[in-house]
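Q:
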Amino acid sequence: MLERLEDAAHEDDDAATSRAPTVYARPRKRHSHVGDRAFAGMVTLLGGSVLVIVGVIVVACAKLATPAFAKLGFFRFLVGSDWNPVEDSFGALPFIYGTLVTSALAIVLAVPVALGLALFLTEMAPPRARRIVSFLVELLAAIPSVVYGLWGLMVLVPILRAVVEPALGRWFGWLPLFSGAPIGVGFLPAGIVLAIMILPTVASVTIDVLRTMPRALREGALALGATRWEAIRAVVLPYARRGVLGAVILGLARALGETMAVTMLIGNQPEIHASLFSAGYSLPSVIANEFAEASGAIHTGALAGLALVLFGVTLMLSSGARFLVRLSTRRSVSA
Amino acid sequence: MMSMSTAARRYAIPRTVGSHKARQVVNGFMTAVCGAAVALALVPLLSLLWLVVSKGAHALSLAFFTQLPAPVGETGGGVGNAIVGTLYMVGLASLIGLPLGVGAGVFLAERGDGKLGAAIRFTAEVLAGVPSIVIGLVAYGLIVVPMRHFSALAGAVALAILMIPTLARATEEMIRLVPRSLREASLALGVPGWRTSVSVVLRTALGGLINAALLAIARAAGETAPLLFTALNNQYWNVKPLQPTASLTVQIYNYAISPYAEWHEKAWGAALCLLLLIGLLSLIAKVAVRNRVTT
């Protein structure tokens with residue numbers, strides 16, 4: 001194949017030479033330019049396919065969603081709280097609510113742990129412990145979502161139902177957040193498992209940000225007599241602030257789009273409750289559960305509309321987060 | 336400079352006031368807190384791994400790897416068709432996704448400094464952030480609806496799309512790591528540019544590329560959401576691209592949400608199979624990096 005391309009290159013060049021003698025102006029391209037051009041064309045085509053794929057995703061979602069938007073109106077669809085496929089009544093609010101509550105819970109639980117872990121790994125741990133822990137964090141990231149769901153359903157839910165939720169209810173039951181019967185599945189287990197799943201994302205991006213920090217800053221603080229923790233408070237954390245915020249937003253974007261574990265744990269009731277103990281529903285979960293059996297263009301369209309909402313939100317979050325992470329890692333290059 | 340001094344005023348000075356002893360205590364306490372965070376993060380991981388191995392090993396047998404799923408109430412049966420289905424769809428997905436992902440990465444590394452490169456790099460990041468369920472929905476709209484059939488092909492296309500952005504980024508990084516001097520030496524010897532790219536630059540980056548490819552494949556093997564309404568599921572053996580196909584992940588999901596205890600046990604068994612498969616791929620990926628051509 002390669003030989004043939006090269007032969008073709010020669011032939012083409014010879015033909016060009018006989019036709020137009022001015023070709024001597026660039027004789028060095030003689031041996032290669034068709035091959036080069038073919039190669040460049042090929043990789044450009046493959047690179048361009050990324051643009052095409054994303055374009056197709058947006059167009060396909062929008063096209064599927066059109067019948068629902070046309071019938072219901074985009075805004076009414078977005079803020080409607082009734083979801084009843086039998087009566088063709090579709091409101092996205094319970095799913096948006098469930099997605100936001102579980103993701104917020106995941107962030108609240110995961111970020112302190114991820115930050116502690118990242119600081120321990122980059123600032124405190126001896127090298128051998130560092131290697132072991134970062135291997136385990138990689139492992140945490142490699143476990144498939146459905147296995148987390150299985151673990152949550154079989155291990156976490158019974159513990160929550162029998163121990164944690166009754167205890168929370170006894171002490172904090174006066175808060176609407178912890179009221180109601182402990183049923184096990186619901187916002188709480190979904191949020192906890194999401195926290196476990198986004199932990200490696202938040203931790204590893206934070207570690208990347210901390211690693212780009214110039215040694216001189218940290219060592220300067222230590223040389224001035226600061227303890228390790230004082231150096232972290234005074235120099236490391238202020239330096240990494242933006243990057244850590246980016247890591248948190250990336251984790252949030254991941255939590256919003258996570259499907260399987262949430263579907264298995266959230267209880268799948270399209271209702272809005274203040275209590276974390278009650279069952280809810282999330283955007284990805286309702287798509288996963290209803291799409292294959294959706295009847296009619298309106299139902300399919302409403303689900304595609306939810307996908308579009310999800311796509312829009314994660315797009316905004318992840319591009320904002322990447323911008324922040326880039327800002328804070330690039331500064332070190334110039335420093 | 337300004338921000339540094341305000342930071343110092345805000346954090347450092349009040350903190351360093353106090354006896355040496357007190358500051359050491361605070362330091363020790365915060366170190367312990369960070370260490371506790373590590374321990375806390377590892378509790379669910381260790382619990383999960385322990386249960387998958389102990390409960391999963393219980394369910395494993397030769398029949399588990401070779402037989403079809405048994406109906407409720409019947410003993411025995413396995414997930415052989417789901418293992419084959421996962422391997423089959425991941426294989427198909429690699430055929431589509433690897434050339435696209437690696438090709439896009441080559442483009443970004445070699446010709447990606449202009450506007451088109453910036454646009455593609457941004458779009459690849461967007462694609463990496465698209466929830467997998469949305470990609471499944473799109474594959475449904477584009478392949479399942481026109482063909483009027485759930486199929487392994489639709490599942491494979493969804494998985495391939497998921498592989499592309501991570502592969503493209505990893506490929507770009509690997510190629511940029513190749514020293515310039517190698518490329519220049521090759522060009523100076525009169526090797527054409529494209530040939531230099533293929534047999535010098537890509538050849539040098541090969542170990543890293545294999546590593547990235549295997550990790551992408553391992554990730555695809557663990558995906559469930561994009562298969563739910565593309566490949567659907569199948570109770571029987573299938574290796575036809577246009578038929579619904581079982582997969583380990585969808586099988587775990589179905590077993591886990593069922594109310595039957597014996598199916599729960601099978602879910603753990605299937606989860607162990609899946610983790611072993613992913614672990615094996617990651618292990619080979621690590622070996623590939625170790626053996627890569629060093630310069």
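Chain order of the listed sequences is A and B. Counting from 1, position 90 in the first sequence corresponds to residue 90 in this note's numbering; the numbering is continuous, with no gaps. Counting from 1, position 180 in the second sequence corresponds to residue 515 in this note's numbering; the numbering is continuous, with no gaps. Virtual Cβ for every residue (Gly too), placed ideally from N, Cα, C. Given the structure is predicted, the values throughout are model-derived calculations rather than measurements.
Once you ignore the five residues that flank residue 613 (chain B) on each side, which residues in its own chain have a CB closer than 7 Å to its CB?
A: One-based indexing of the second sequence puts residue 613 (chain B) at position 278. Answer for residue 613 (chain B): 553, 556 and 557, listed in chain order.
Q: Using a Cβ-Cβ cutoff of less than 6 Å, which residues in the same chain neighbour residue 101 (chain A) once the five nearest sequence positions on both sides are dropped?
A: In the first sequence, residue 101 (chain A) corresponds to position 101, counting from 1. Closer than 6 Å at the Cβ level, and outside the excluded window around residue 101 (chain A), lie 187.
Q: Report yes if the C-beta of residue 48 (chain A) is less than 8 Å from at least one heavy atom of the ligand NAD; otherwise report no.
A: Because no ligand of any kind appears in the structure shown, any question about the ligand NAD cannot be addressed here.
Q: Suppose contacts are defined by Cβ-Cβ distances below 9 Å. Is residue 198 (chain A) in contact with residue 156 (chain A) by that definition?
A: Position 198 of the first sequence, counted from the first residue, corresponds to residue 198 (chain A). Position 156 of the first sequence, counted from the first residue, corresponds to residue 156 (chain A). No; because the gap between Cβ atoms is not below 9 Å, this pair is not in contact.
Q: Of the residues A:235, A:243 and A:289, which one's Cα is nearest the Cα of residue 588 (chain B)?
A: The count along the second sequence starts at 1 and reaches residue 588 (chain B) at position 253. With distances taken between Cα atoms, residue 588 (chain B) lies closest to A:289.
Q: Since residue 283 (chain B) meets chain A, which of its residues come closer than 8 Å, beta carbon to beta carbon?
A: In this structure chain B extends from 336 to 630, so residue 283 (chain B) is not present and cannot be described.
Q: Since residue 498 (chain B) meets chain A, which of its residues come closer than 9 Å, beta carbon to beta carbon?
A: Counting from 1 along the second sequence, the entry for residue 498 (chain B) is found at position 163. Within chain A, no residue comes near residue 498 (chain B); the closest Cβ sits about 11 Å away, beyond 9 Å.
Q: Evaluate residue 258 (chain A) with the Cβ neighbour count: other Cβ atoms within 10 Å of its Cβ, from every protein chain shown; 16 or more gives buried, anything less gives exposed.
A: As a first step, residue 258 (chain A) is located in the first sequence; it is residue number 258 there, counting from the start. With 16 or more other Cβ atoms within 10 Å, it is buried.
Q: Taking the alpha-carbon of residue 238 (chain A) as reference, which of A:248, A:249, A:250 and A:218 has the nearest alpha-carbon?
A: By one-based count along the first sequence, residue 238 (chain A) stands at place 238. Selected option, being the one with the closest Cα: A:218.
Q: Determine the direct distance from the alpha carbon of residue 74 (chain A) to that of residue 298 (chain A), and round the result to whole angstroms.
A: Looking up residue 298 (chain A) in the first sequence gives position 298. Looking up residue 74 (chain A) in the first sequence gives position 74. Cα-Cα distance, rounded: 13 Å.
Q: Would you say residue 257 (chain A) lies against chain B (beta-carbon separation less than 9 Å)?
A: Within the first sequence, residue 257 (chain A) is the residue found at index 257, counting from 1. For residue 257 (chain A), the answer is yes, since a Cβ of chain B falls inside 9 Å of its Cβ.
Q: Between residue 486 (chain B) and residue 404 (chain B), is the Cβ-Cβ spacing less than 9 Å?
A: Counting from 1 along the second sequence, the entry for residue 486 (chain B) is found at position 151. Counting from 1 along the second sequence, the entry for residue 404 (chain B) is found at position 69. Result no, Cβ atoms of residue 486 (chain B) and residue 404 (chain B) do not sit closer than 9 Å.
Q: Using a Cβ cut-off of 9 Å (strictly closer), state whether residue 446 (chain B) contacts chain E.
A: Although the question refers to chain E, the structure presented lacks it and instead comprises the protein chains A and B.
Q: Please classify residue 137 (chain A) as buried or exposed, where buried requires at least 16 neighbouring CB atoms within 10 angstroms.
A: Along the first sequence, one-based indexing puts residue 137 (chain A) at 137. Per the 10 Å Cβ criterion, buried.
Q: Rounded C-beta distance between residue 94 (chain A) and residue 270 (chain A)? I'm assuming under 8 Å.
A: In the first sequence, counting from the first residue as 1, residue 94 (chain A) sits at position 94. In the first sequence, counting from the first residue as 1, residue 270 (chain A) sits at position 270. Confirmed, about 4 Å.
Q: Using three-state DSSP, classify residue 23 (chain A) as helix, strand or coil.
A: The residue labelled residue 23 (chain A) in the question sits at position 23 within the first sequence. With a pLDDT of only 41 at residue 23 (chain A), under the threshold of 50, the placement of this residue in the model should not be trusted; the figure read from the coordinates follows. It is helical.
Q: Are the C-beta atoms of residue 557 (chain B) and some chain A residue less than 9 Å apart?
A: In the second sequence, counting from the first residue as 1, residue 557 (chain B) sits at position 222. Yes, contact with chain A.
Q: Can you list, in chain order, the residues of its chain with a C-beta nearer than 6 Å to that of residue 343 (chain B)? Leave out the 5 residues immediately preceding and following it.
A: Counting from one through the second sequence, the residue named residue 343 (chain B) turns up at place 8. Annotation note: pLDDT 49 at residue 343 (chain B) (below 50); position unreliable, coordinate value reported separately. Around residue 343 (chain B): no qualifying Cβ.
Q: Residue 93 (chain A) CB to nearest chain B CB: under 9 Å?
A: The residue given as residue 93 (chain A) occupies position 93 in the first sequence. Cβ-Cβ to chain B under 9 Å: no for residue 93 (chain A).
Q: Between the Cα of residue 470 (chain B) and the Cα atoms of B:497, B:440, B:507 and B:369, which residue gives the shortest distance?
A: Taking the first residue of the second sequence as 1, we reach residue 470 (chain B) at position 135. Answer by Cα proximity: B:497.
Q: Report the partner residues of residue 89 (chain A) according to the DSSP bridge assignment.
A: Here residue 89 (chain A) refers to the residue found at position 89 of the first sequence. Paired residue(s): A:84.
Q: Between A:308, A:195, A:133 and A:65, which has its C-alpha nearest residue 466 (chain B)'s C-alpha?
A: Here residue 466 (chain B) is taken as the residue at index 131 of the second sequence, counted from 1. Of the listed residues, the one whose Cα sits closest to residue 466 (chain B) is A:308.
Q: Quick check on residue 129 (chain A): does DSSP put it in helix, strand or coil?
A: Indexing the first sequence from 1 puts residue 129 (chain A) at position 129. Correct three-state label for residue 129 (chain A): helix.
Q: For the alpha helix (DSSP H) that contains residue 51 (chain A), what are its first and last residues?
A: Against the first sequence, residue 51 (chain A) aligns to sequence position 51. Unbroken alpha helix (DSSP H) run through residue 51 (chain A): 33-72.
Q: Determine whether the beta carbon atoms of residue 459 (chain B) and residue 504 (chain B) lie at a separation below 9 Å.
A: Indexing the second sequence from 1 puts residue 459 (chain B) at position 124. Indexing the second sequence from 1 puts residue 504 (chain B) at position 169. Yes, they are a contact pair.
Q: According to DSSP, simplified to helix, strand and coil, what is residue 448 (chain B)?
A: Sequence index remark: in the second sequence, residue 448 (chain B) carries index 113 (1-based). Residue 448 (chain B): coil per DSSP, three-state reduction.
Q: Does the distance from the CB of residue 189 (chain A) to the CB of residue 265 (chain A) come in under 9 Å?
A: Counting from one through the first sequence, the residue named residue 189 (chain A) turns up at place 189. Counting from one through the first sequence, the residue named residue 265 (chain A) turns up at place 265. For residue 189 (chain A) and residue 265 (chain A), yes; Cβs fall inside 9 Å.
Q: In chain A, which residues lie less than 7 Å from residue 369 (chain B) when you measure between Cβ atoms?
A: As a position in the second sequence, residue 369 (chain B) is number 34, starting the count at 1. Simply 116, 119, 120 and 124.
Q: What is the DSSP secondary structure of residue 564 (chain B), counted as helix, strand or coil?
A: Counted from its first residue, the second sequence places residue 564 (chain B) at position 229. Here residue 564 (chain B) sits in coil by DSSP.
Q: Out of B:383, B:562, B:437 and B:530, point me to the one whose CA is closest to residue 546 (chain B)'s CA.
A: By one-based count along the second sequence, residue 546 (chain B) stands at place 211. Per the Cα distances, B:437.
Q: Does the stretch 313-322 of chain A come close enough to the stretch 74-93 of chain A to have 3 or more Cβ pairs within less than 8 Å?
A: No, they do not touch.
Q: For residue 421 (chain B), which residues in chain A fall below 9 Å Cβ to Cβ?
A: Taking the second sequence and counting its residues from 1, one reaches residue 421 (chain B) at position 86. Per Cβ cutoff of 9 Å: no residues; residue 421 (chain B) is ~11 Å from chain A at best.
Q: Taking all protein chains shown into account, do 16 or more other C-beta atoms lie within 10 angstroms of the C-beta of residue 355 (chain B), making it buried, or fewer, making it exposed?
A: By one-based count along the second sequence, residue 355 (chain B) stands at place 20. Exposed, by the Cβ-count rule.
Q: Could you name the residues of chain A that residue 442 (chain B) contacts, counting a contact when the two beta carbons are closer than 7 Å?
A: If you number the second sequence from 1, residue 442 (chain B) lands on position 107. In chain order: 43, 44, 46 and 47.
Q: Less than 9 Å between the beta carbons of residue 91 (chain A) and residue 69 (chain A), yes or no?
A: Residue numbering aside, residue 91 (chain A) sits at position 91 when the first sequence is read from its first letter. Residue numbering aside, residue 69 (chain A) sits at position 69 when the first sequence is read from its first letter. Result no, Cβ atoms of residue 91 (chain A) and residue 69 (chain A) do not sit closer than 9 Å.
Q: Please report the straight-line C-alpha distance between residue 317 (chain A) and residue 256 (chain A), rounded to a whole angstrom.
A: The residue you call residue 317 (chain A) lines up with position 317 of the first sequence. The residue you call residue 256 (chain A) lines up with position 256 of the first sequence. Approximately 10 Å between the Cα atoms of the pair.
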